[in-house]
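Here the structure is laid out as structure tokens; the discussion comes afterwards.
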Amino acid sequence: MSDSDCSLVDEPIRIEPPKKHDTSSAQAQVPTASELETLLTLSLLDEHGQKIEFGDVLNAPAKDSEKTVIVLFIRHFWCPLDQDYVQEVVDILRRLSEDNGKKAIPEVVLISNGSPALIAKYKEIFDLAGKKGSNLKVKLYTDPTCRTYRILGMENVGEACISSPYKSYVKHTSTIGGIASVVLRAIKVGMPVWEKGGAIKQLGGELVHDTGIQVACAFAHRMSDTQDHTPFGDVL
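Here it is, written out as structure tokens:
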């Protein structure tokens, strides 16, 4: 799949050197200025299969307003552990929404690597569009090429040498229970199960970007195994 120029902004985004962050491993290194510059030009796909550049996703809707955007790279759409993680994200954002009233809640973007045809139903499972009374507006895109994952140094299962215990967000610790949960959710919303869920071995991670005229990465974490997302409360 080739990338094409589809920038939604008129001016080039200036890159700010990464902020200093106390890191102890490659999993926590923020992207270099060069990596970030490349990342911002890579294409994602929306639920209609239309391309949008990563930099435009971070800066929408206003390129000149400063804000923080949390980007969560999840694994394939059928991963039960990542569905547990997305559920935690939604639960925390919903609580923040209720506590803050009409105040803005953190802007969150999810990125997977499966077919864009799965995005709409995946959003419906977790009410990411806030159609059930909340003011959640979690964006979801996909990168079937996994180029954004690779530029960020996110590895495949088996490449990382660290094995972590189950994190607090994991609710389905048995394989059978996890698969059953995924199947039931897919049936409930009529998910097109024939579509490609994504790269099974690809791991994800979390980034926190400070955006506006300049873009900087303030926090990064790359998964070392399939249950190694940073709990969303810690990301906040």
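For our numbering, count along the sequence shown from 1 and bump the result up by 204. Positions of the beta carbon are idealized from the N, C-alpha and C atoms, including for glycine.
- Checking the DSSP bridge columns, you'll see residue 400 has no partner listed.
- In the DSSP annotation of this structure, the continuous segment of the beta strand (DSSP E) that includes residue 415 starts and ends at 409-415.
- Rounded to the nearest whole angstrom, the C-alpha separation of residue 439 and residue 417 is 23 Å.
- Taking the CA atoms as reference points, residue 319 sits about 27 Å from residue 371.
- In this chain, residue 371 is not harboured by any beta strand (DSSP E), its DSSP state being neither H nor E.
- By the criterion of a C-beta distance shorter than 7 Å, residue 403 is surrounded in its chain by 280, 317 and 350, once the five residues flanking it on both sides are discounted.
- Membership of residue 274 in the beta strand (DSSP E) is indicated by the continuous run 271-277.
- The stretch 282-292 makes contact with the stretch 372-379: 3 or more CB pairs, one atom from each, lie closer than 8 Å.
- Excluding its 5 nearest sequence neighbours in each direction, residue 253 has C-beta neighbours in its own chain below 8 Å: 320 and 321, listed in chain order.
- Within the same chain, and ignoring the five residues on either side of residue 297 in sequence, the residues whose Cβ sits closer than 6 Å to its Cβ are 309 and 340.
- Around the C-beta of residue 378, fewer than 16 other C-beta atoms lie within 10 Å, and the residue is accordingly described as exposed.
- With a beta-carbon spacing of about 7 Å, residue 313 and residue 345 fall inside the 8 Å limit used to define contacts.
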